[in-house]
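Notes follow the structure.
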Amino acid sequence: MPRAPPPRPSEDARLAAYKPGVDVARSRRRREDRLLAVRRSNRDAGLFKRRRDEPTPSPIPHARAATPSSQADDVPTTTSPPSSEPSSPPSSPPAQAVSPPAAADSHSELEGLSEMVEKVWSDDTTSQLEATVQFRRLLSDEKNPTVIKIIRADVLPRFSDFLSRHEHPQLQMEAAWVLTNIAASDYTLLVAECGAVSRLVELLESANANIRHQATWALGNIAADVPTCREIVLDHGAVAPLLAQFREGMKVPVLRTSTWALSNLCFGKLPAEVQVKPILDIISQLIHSVDEKILGDACWALCYICDGVSDGIQHVLDAGACPQLVNLLMHASANILLPAITVLARISSGDDAQVQVLVENNILNYLAPLLARNYPKSIKKQACLIVSNISTGSKDNIQAVIDADVISPLIFLLKTSEKDIKEEAAWAISNAASGGSSDQIQYLVSRGCLEPLCNVLTYQDADLIYTCLEGLQNILQAGEVGKQGQESTANPYAQFILECGGLDKLEDLQEVDNDAIYKLVMKLLECYWDEEVSDDDPNLPTSNDSAETVETASEDAAQPTEPSASPNERI
Numbered sequence: 001m002p003r004a005p006p007p008r009p010s011e012d013a014r015l016a017a018y019k020p021g022v023d024v025a026r027s028r029r030r031r032e033d034r035l036l037a038v039r040r041s042n043r044d045a046g047l048f049k050r051r052r053d054e055p056t057p058s059p060i061p062h063a064r065a066a067t068p069s070s071q072a073d074d075v076p077t078t079t080s081p082p083s084s085e086p087s088s089p090p091s092s093p094p095a096q097a098v099s100p101p102a103a104a105d106s107h108s109e110l111e112g113l114s115e116m117v118e119k120v121w122s123d124d125t126t127s128q129l130e131a132t133v134q135f136r137r138l139l140s141d142e143k144n145p146t147v148i149k150i151i152r153a154d155v156l157p158r159f160s161d162f163l164s165r166h167e168h169p170q171l172q173m174e175a176a177w178v179l180t181n182i183a184a185s186d187y188t189l190l191v192a193e194c195g196a197v198s199r200l201v202e203l204l205e206s207a208n209a210n211i212r213h214q215a216t217w218a219l220g221n222i223a224a225d226v227p228t229c230r231e232i233v234l235d236h237g238a239v240a241p242l243l244a245q246f247r248e249g250m251k252v253p254v255l256r257t258s259t260w261a262l263s264n265l266c267f268g269k270l271p272a273e274v275q276v277k278p279i280l281d282i283i284s285q286l287i288h289s290v291d292e293k294i295l296g297d298a299c300w301a302l303c304y305i306c307d308g309v310s311d312g313i314q315h316v317l318d319a320g321a322c323p324q325l326v327n328l329l330m331h332a333s334a335n336i337l338l339p340a341i342t343v344l345a346r347i348s349s350g351d352d353a354q355v356q357v358l359v360e361n362n363i364l365n366y367l368a369p370l371l372a373r374n375y376p377k378s379i380k381k382q383a384c385l386i387v388s389n390i391s392t393g394s395k396d397n398i399q400a401v402i403d404a405d406v407i408s409p410l411i412f413l414l415k416t417s418e419k420d421i422k423e424e425a426a427w428a429i430s431n432a433a434s435g436g437s438s439d440q441i442q443y444l445v446s447r448g449c450l451e452p453l454c455n456v457l458t459y460q461d462a463d464l465i466y467t468c469l470e471g472l473q474n475i476l477q478a479g480e481v482g483k484q485g486q487e488s489t490a491n492p493y494a495q496f497i498l499e500c501g502g503l504d505k506l507e508d509l510q511e512v513d514n515d516a517i518y519k520l521v522m523k524l525l526e527c528y529w530d531e532e533v534s535d536d537d538p539n540l541p542t543s544n545d546s547a548e549t550v551e552t553a554s555e556d557a558a559q560p561t562e563p564s565a566s567p568n569e570r571i
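In the UniProt record's numbering, the protein residues as written are 1 to 571.
Written out as structure tokens, the structure is:
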């Protein structure tokens, strides 16, 4: 049985009990906690290892095959970032000076593993190179689980030693390739602890561009593993020489690898000695690239910096990245949309001045199509999150949300989408309702927000329920103010909540084991409904006719209309 409410207070007492406004700081803290969970779930989308496979001969007669003498910087295929022309597809890895035995397959080479180990440990450079090439070929075949056998052969320290053989650059290259693919396996920590990291960092300054590229690849794989591995790379000072790789005339494959490696190094908390400004100077150019792989990794790097650096959000804004990030919300690829909108969602969890930068860059106009059209769920959730955080601010921000035509698609999602998207949409609508003016509340109600908000009261998220109750409280307060000077003494919003079943849900919440929710529910029941209202009241309305007097817009009004395409919009 529901707890019986105390006697209903007087009209003056009811008006004195109105909530002055939403607690913006508390609401934003809750959103930051939820955003952290979203960021963790998205981590694997941007951070992963990459195996370097065997080069495949090009069937095109006029394709230019790379040779040991053709360095990565010799023939530029793109301008310095930001790219101004479409980037070329990745080229094949450089051909090797010593061709591996052509006829041996993986099984026969495994049978000769002991012979390969003997050659690696020999004093003959030719034998060392031949065996290293054979090891590299085995590791480049992703279908053959040979890594553990190579690990047990205890050759990692030897490959690490080969990285210092500056008089034999081909041996350095092959050894770095071997370590790259071992680092792409589950044994990354062994590579990080065998003494290879310091030598790979040193190779970032090699005169041989192919060796620099391969060292970058290896370090990127190491940094993509557990935090311990990443910290080892950072402790050896990899950031500065890695940033030096970004130079005018870089080939697209090299630029892709360098951007990806830099993104992996940015994940997590950066040490105090790492200067974030030089990193952002590079990334703020990379987010203008036309190459999707470069663009995606650059956006993920910005997201990691927002999380892993003190005042990271402000650093990103100071670098001037916000306008381009907002423009990327028009990108056709979800692989770019997701990291771009994730960075913007992180910025939206900042302070009021930082959120205002998003509003001033017209982000809401870009979010409306993402909410209204058929985009992936992860993107819609982030869009709802941004609107929610903007709505926790001033009434001007809430008005900006209304003016951008975001409310209707949000209510449509709140009514029809999957549960997790409904929850994010509910946060946005609840925050807008909690802090809106009387006119703004009237607009929300006219778009059909009351019934779906009442349905949120059945969710399991206590924070969301409480915010929804705050929104309903503000709506009911607006109803009280609106009825003043009119003949009717009934609160129209309270009447509609009663008719759509919201009162039953409020009474059910009296049994929730949460003091804050219980107290707010009791306050609403005491202020707006007579204690004699119950499920079996014979006078309880049985039709929704009166609801139409409050819900001035039809059901179709809550559905998003196809936004008209402006000259600056493309999806």
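All C-beta atoms in this analysis are idealised placements derived from N, C-alpha and C, irrespective of residue type, glycine included. This one's a predicted model, so the numbers in the text were calculated from it and none came from an experiment.
Inter-residue distance for Ile305 and Val276 is about 8 Å (C-alpha atoms, whole angstroms). Taking the CA atoms as reference points, Asn389 sits about 10 Å from Asp352. Rounded to whole angstroms, Thr125 and Val147 show a C-alpha spacing of 24 Å.
For Ala400, the enclosing alpha helix (DSSP H) begins and ends at 395-403. Within the same chain, Cβ atoms closer than 7 Å to the Cβ of Cys468 are found at Ala426, Ser430, Leu453, Val456, Leu457, the five residues on either side in sequence being excluded. In terms of CA proximity to Asp513, Tyr466 leads the group Tyr466, Ala494, Gln473, Gly220. CA-to-CA, the gap between Trp260 and Ala298 works out to about 8 Å. Contact between Gly479 and Tyr493 holds, since their C-beta atoms are separated by about 4 Å, short of 8 Å.
Glu115: member of the alpha helix (DSSP H) spanning 113-120, first to last residue. Of all C-beta pairs linking the stretch 438-448 to the stretch 401-408, three or more are shorter than 8 Å, placing the two stretches in contact.
Arg346 counts as buried, since at least 16 other C-beta atoms from the protein chains shown sit within 10 angstroms of its C-beta. Ala321 carries a coil assignment under DSSP once its states are collapsed to helix, strand and coil. The stretch 229-236 and the stretch 247-254 do not touch, with fewer than three beta-carbon pairs separated by less than 8 Å. Pairing Ile287 with Leu295 gives a Cβ-Cβ distance under 8 Å. Exclusion of the five residues before and after Ala516 leaves Tyr466 as the residues of its chain whose Cβ lies within less than 7 Å of its Cβ. With contacts defined as CB atoms closer than 8 Å, Arg136 and Val178 qualify as a contacting pair. Apart from the 5 residues on each side of it in sequence, Lys395 sits with its Cβ closer than 6 Å to the Cβ of Ser437 in its chain, given in chain order. A direct Cα-Cα distance of roughly 23 Å separates Glu193 from Gln134. For Thr180, the enclosing alpha helix (DSSP H) starts and ends at 169-183. About 7 Å separates the beta carbons of Leu370 and Lys380, which is inside the 8 Å limit, making them a contact pair. Distance check between Ile182 and each of Val201, Arg152, Tyr375 places Arg152 closest, using alpha-carbon atoms only. Minimum Cα-Cα distance from Ile475 among the listed residues Gly435, Lys415, Gly501, Pro323 corresponds to Gly435.
The shortest C-alpha to C-alpha distance from Pro278 to any of Leu498, Lys119, Val239 is the one to Val239. By a beta-carbon distance limit of 8 Å, Ile402 does not contact Leu413. Their separation comes to about 16 Å. Using a Cβ distance threshold of 8 Å, Leu156 and Arg165 do not count as a contacting pair. Phe496 and Leu367 have their C-alpha atoms roughly 30 Å apart.
With fewer than 16 neighbouring CB atoms inside 10 Å of its own CB, Pro376 falls in the exposed class.
In the three-state reduction of the DSSP assignment, Tyr443 falls in the helix class. Boundaries of the alpha helix (DSSP H) harbouring Ile294: 292-308, taken from the DSSP string.
Under the rule that a run must span 3 or more residues, no beta strand (DSSP E) segment is found entirely inside the stretch 220-295.
Residue burial annotation: Glu470 is buried, with at least 16 other C-beta atoms found within 10 angstroms of its C-beta. Residue state for Gln356 is assigned as helix, using DSSP reduced to three classes.
Nearest neighbour of Asp291 by Cα position, chosen from Leu265, Cys303, His331, turns out to be His331. Look at Val387 here: in three-state DSSP terms it is helix. The Cβ atoms of Leu190 and Leu219 lie no closer than 8 Å to each other.
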